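Student: The structure follows.
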Amino acid sequence: MTRVTTTWTAYETTAEALAALAAEGATGALSGERGIVYLKAGRVVHVESAFAPDLGALLTRSGAVPPDGWWEAVDRGGTQHRVGHRLVDSGRLAAGALEVCHLGALFDAAYFVLAHDGRAQRFRPGAAHWLGAVRSVPVDVVVRESGRRRALLDRIWPDPAIDTLPLTRVPGTGSAALPVRRGRTLTQVDGVRTAAQIASALACRTYHTLVELRRLAADGLVRAAPPAAPPLPPGPPPRAVVWDDPDTALLRRLRDALEAL
Amino acid sequence: MANLETSLKECLSSIDGSTAVALVDYTSGMALGTLGGGKDFNLEVAAAGNTDVVRSKLRTMEHLGLKDEIEDILITLNTQYHMIRLLKGRGGNGLFLYLVLDANRANLAMARHQLRRIEGELEV
Chain S
5 MTRVTTTWTA YETTAEALAA LAAEGATGAL SGERGIVYLK AGRVVHVESA FAPDLGALLT
65 RSGAVPPDGW WEAVDRGGTQ HRVGHRLVDS GRLAAGALEV CHLGALFDAA YFVLAHDGRA
125 QRFRPGAAHW LGAVRSVPVD VVVRESGRRR ALLDRIWPDP AIDTLPLTRV PGTGSAALPV
185 RRGRTLTQVD GVRTAAQIAS ALACRTYHTL VELRRLAADG LVRAAPPAAP PLPPGPPPRA
245 VVWDDPDTAL LRRLRDALEA L
Chain W
87 MANLETSLKE CLSSIDGSTA VALVDYTSGM ALGTLGGGKD FNLEVAAAGN TDVVRSKLRT
147 MEHLGLKDEI EDILITLNTQ YHMIRLLKGR GGNGLFLYLV LDANRANLAM ARHQLRRIEG
207 ELEV
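Protein chains in written order, with our numbering: chain S, 5 to 265; chain W, 87 to 210.
Following this line, the structure appears as structure tokens:
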């Protein structure tokens, strides 16, 4: 375990705390407001955020690895922090393909943790991610790339709410003459799903999905869904429940939440 | 099985005349891996700039309503060839291999063939 002498709590942002830990060659997990960055010997080995689908979702949704194969690798390799190795050793995935996917997921999650940055909340020295070592990236590269992505997205449409809130179509607009990828993204916008859920459904990298969604927002076709209506004032209890009409939106959200576990 | 590093090394060692290679994400312009180049050829800059080439061509194809896909793009300079090969991958992972070749030593047909093979090792 690395001895950490840095008072990482002294820094205003997760990115600054991360840079200080990197300079010490620290190993462990730094939690920010929107996710966790895993360091090994001062380099970033993994990042996870609830706002970006993880490697497992990307690999299984795209059909690159069958769900059984993924969970088998997690079961057998998880406790030894060797899930990535298991996938490659079992012949389910080429090492290069795993690295490419892993880097994609790492930078996608890092955007959320570092681009809209608050104070780091917690550092667990020595903590390692169950995925295990795949590839590592210097902290300054991850921080710089996250900032660059934020600038690129803001240039398309400067509304960060698109990245995290449920999205809805703007009523009265069509989807005629949209490029294929943007049209495909628009079909997933249903007033309930967030960008992360849309990316997961399309088995598409989150950043790519954010680019398409911000473009759709710039075109006036998509906006963040209005917050849920306030609870109804107390009144007579509702009449008999009609079971014929299930709340599909709620069920879908529940399914997505369970799948995201 | 080849990892990213060995795939890039293989590009430089097995493709005649190759001097630099990068694997680039063309949505963000970030290079996921680079090899070769040097102080007189900044691969990061080349990677970021060539994403504009790829994006522009993709946009043109969308405007034209072409449903086809780009396999590769070849740029011929006086002394160099720049080859851009888009990775297929399920779900369109948005990556390309960028290869710089010395025009005097390179065999274009062989280079394309080799690059296609190496690409297979990186696809999901």
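Built from N, CA and C at the ideal position, the CB exists for glycine as well. A quick note: this is a predicted structure, and the numbers were derived from the prediction, not measured.
Along the segment 103-116 of chain W, what residues have a CB closer than 9 Å to any CB found in chain S?
Tutor: Listed in sequence order: Leu109, Asp111, Thr113, Ser114, Gly115, Met116.
Student: Comparing the C-beta of His89/S with each C-beta of chain W, is any distance below 8 Å?
Tutor: Taking the first sequence and counting its residues from 1, one reaches residue 89/S at position 85. His89/S does not count as touching chain W.
Student: Does the segment 95-103 of chain S come into contact with the segment 122-135 of chain S, if we say contact requires no fewer than three beta-carbon pairs (one atom in each stretch) closer than 8 Å?
Tutor: At 8 Å Cβ cutoff, the stretches do not touch.
Student: Taking only three categories from DSSP, how would you classify Ala228/S?
Tutor: Position 224 of the first sequence, counted from the start, is the residue given in the question as residue 228/S. The answer is strand: DSSP assigns Ala228/S an E or B state.
Student: For Arg197/S, which of Val141/S, Leu182/S, Leu217/S has the nearest alpha-carbon?
Tutor: Numbered from its first residue, the first sequence carries residue 197/S at position 193. Per the Cα distances, Leu217/S.
Student: Helix, strand or coil: how does DSSP classify Ile156/W here?
Tutor: In the second sequence, the residue the question calls residue 156/W occupies position 70. Note: Ile156/W maps to coil in three-state DSSP.
Student: Met196/W: buried (16+ other C-beta within 10 angstroms of its C-beta) or exposed?
Tutor: Counted from its first residue, the second sequence places residue 196/W at position 110. That one is exposed.
Student: Please go through the segment 122-162 of chain S and give each complete beta strand (DSSP E) segment of 3 or more residues, from N-terminal end onward.
Tutor: For the segment 122-162 of chain S, whole beta strand (DSSP E) runs of length 3 or above, ordered along the chain, are 126-129.
Student: Going straight from the alpha carbon of Leu144/W to that of Trp12/S, what length do you get?
Tutor: Along the second sequence, one-based indexing puts residue 144/W at 58. Along the first sequence, one-based indexing puts residue 12/S at 8. Roughly 44 Å between the two C-alpha positions.
Student: Kindly indicate which three-state DSSP category Asp271/S falls into: helix, strand or coil?
Tutor: Look at the range of chain S in this structure, 5 to 265, and you will see that residue 271/S is not part of it.
Student: Report the residue from Asp111/W, Asn179/W, Leu121/W whose alpha carbon sits nearest the alpha carbon of Thr92/W.
Tutor: For this step, residue 92/W is matched to residue 6 along the second sequence. Checked all of Asp111/W, Asn179/W, Leu121/W; the closest Cα to Thr92/W is Leu121/W.
Student: Given that Tyr211/S touches chain W, what residues does it touch there, using C-beta distances under 7 Å?
Tutor: Position 207 of the first sequence holds residue 211/S. Within chain W, the residues near Tyr211/S are Thr113, Ser114.
Student: Could you spell out where the alpha helix (DSSP H) holding Ser99/W opens and where it closes?
Tutor: Working through the second sequence from its first residue, we reach residue 99/W at position 13. Its alpha helix (DSSP H) spans residues 90-100.
Student: Using 8 Å as the limit for Cβ to Cβ distance, is Glu148/W near chain S?
Tutor: By one-based count along the second sequence, residue 148/W stands at place 62. Yes, because at least one Cβ of chain S sits closer than 8 Å to the Cβ of Glu148/W.
Student: Do you know offhand how far Ala54/S's Cα is from Ala77/S's?
Tutor: What you label residue 54/S is simply residue 50 of the first sequence in a count that begins at 1. What you label residue 77/S is simply residue 73 of the first sequence in a count that begins at 1. Computed Cα separation, rounded: 22 Å.
Student: May I have the straight-line CA-CA distance separating Thr191/S from Val87/S, to the nearest angstrom?
Tutor: Translated into positions along the first sequence, residue 191/S becomes position 187. Translated into positions along the first sequence, residue 87/S becomes position 83. Distance between the alpha carbons of Thr191/S and Val87/S: 34 Å.
Student: When DSSP labels each residue in this structure, what does Phe116/S get in the three-state scheme?
Tutor: Reading the first sequence from its first residue, position 112 is the one you call residue 116/S. Phe116/S: helix per DSSP, three-state reduction.
Student: From the DSSP output, read off the bridge partner residues of Lys44/S.
Tutor: By 1-based counting over the first sequence, the position of residue 44/S is 40. Bridge partners of Lys44/S: Arg47/S.
Student: Measure from the C-beta of Glu207/W to each C-beta in chain S and report whether the shortest distance is under 8 Å.
Tutor: For the purposes of this step, residue 207/W is identified with residue 121 of the second sequence, where counting begins at 1. By this cut-off, Glu207/W is an interface position.
Student: Leaving out five residues on either side along the sequence, give the residues of the same chain with a beta carbon under 7 Å from the beta carbon of Gly224/S.
Tutor: Locating residue 224/S in the first sequence gives position 220, where the first residue counts as 1. For Gly224/S, where only same-chain residues beyond five positions count, the Cβ hits under 7 Å are Val174, Thr177.
Student: Which word fits Arg171/W, buried or exposed, when buried means at least 16 other C-beta atoms lie within 10 angstroms of its C-beta?
Tutor: Translated into the one-based positions of the second sequence, residue 171/W becomes position 85. Label assigned to Arg171/W: buried.
Student: Just to confirm, are Ser104/W and Leu185/W a CB contact at a threshold of 8 Å?
Tutor: Position 18 of the second sequence, counted from the first residue, corresponds to residue 104/W. Position 99 of the second sequence, counted from the first residue, corresponds to residue 185/W. In this structure, Leu185/W lies closer than 8 Å to Ser104/W by Cβ.
Student: Starting from Gln166/W, trace the beta strand (DSSP E) in both directions and tell me its first and last residue.
Tutor: In the second sequence, counting from the first residue as 1, residue 166/W sits at position 80. Element bounds for Gln166/W: 166-172.
Student: Which residues in the same chain have their Cβ closer than 7 Å to the Cβ of Leu194/W, if we skip the five residues on either side of it in sequence?
Tutor: Position 108 of the second sequence, counting from 1, holds the residue named residue 194/W. For Leu194/W, where only same-chain residues beyond five positions count, the Cβ hits under 7 Å are Tyr167.
Student: My understanding is that Ala88/W touches Gly115/W, with C-beta atoms under 8 Å, so please give their C-beta distance in whole angstroms.
Tutor: Along the second sequence, one-based indexing puts residue 88/W at 2. Along the second sequence, one-based indexing puts residue 115/W at 29. With 8 Å as the limit, Ala88/W and Gly115/W do not qualify as a contact, their Cβ atoms being about 25 Å apart.
Student: If contact is defined by three or more beta carbon pairs under 8 Å, each pair taking one atom from either stretch, is the segment 46-61 of chain S in contact with the segment 101-119 of chain S?
Tutor: Cβ pair count under 8 Å is three or more, so yes.
Student: Using a cut-off of 8 Å between C-beta atoms, extract the partners of Ala88/W located in chain S.
Tutor: In the second sequence, counting from the first residue as 1, residue 88/W sits at position 2. Within 8 Å Cβ-Cβ: Ala98, Ala99, Gly100.
Student: What is the DSSP secondary structure of Gly36/S, reduced to helix, strand or coil?
Tutor: Working through the first sequence from its first residue, we reach residue 36/S at position 32. In the structure shown, Gly36/S sits in a strand (DSSP, three-state: E or B).
Student: Could you check the C-alpha separation between Ile101/W and Val147/S for me, to the nearest Å?
Tutor: Along the second sequence, read from residue 1 onward, the residue named residue 101/W stands at position 15. Along the first sequence, read from residue 1 onward, the residue named residue 147/S stands at position 143. Those two C-alpha atoms are separated by around 34 Å.
Student: Which residues mark the beginning and the end of the alpha helix (DSSP H) in which Asp167/S is found?
Tutor: Numbered from 1 along the first sequence, position 163 holds the residue referred to as residue 167/S. That run of the alpha helix (DSSP H) goes 165-168.
Student: Around the C-beta of Asn190/W, are 16 or more other C-beta atoms found within 10 angstroms, so that it is buried, or is it exposed?
Tutor: Within the second sequence, numbered from 1, the residue matching residue 190/W stands at position 104. By the 10 Å Cβ count, Asn190/W comes out exposed.
Student: Please go through the segment 109-153 of chain W and give each complete beta strand (DSSP E) segment of 3 or more residues, from N-terminal end onward.
Tutor: Runs of the beta strand (DSSP E) inside the segment 109-153 of chain W: 116-122.
Student: Using only the alpha-carbon positions, how far apart do Glu207/W and Phe182/W sit?
Tutor: Here residue 207/W is taken as the residue at index 121 of the second sequence, counted from 1. Here residue 182/W is taken as the residue at index 96 of the second sequence, counted from 1. Near 13 Å, if we compare the C-alpha coordinates of Phe182/W and Glu207/W.
Student: What's the gap between the Cα of Gly46/S and the Cα of Gly100/S?
Tutor: For the purposes of this step, residue 46/S is taken as the residue at position 42 of the first sequence. For the purposes of this step, residue 100/S is taken as the residue at position 96 of the first sequence. One C-alpha to the other measures close to 23 Å.
Student: At what residues does the alpha helix (DSSP H) containing Arg191/W begin and finish?
Tutor: Sequence index remark: in the second sequence, residue 191/W carries index 105 (1-based). Taken as a continuous stretch (DSSP letters only), Arg191/W belongs to no alpha helix (DSSP H), as it is neither H nor E.
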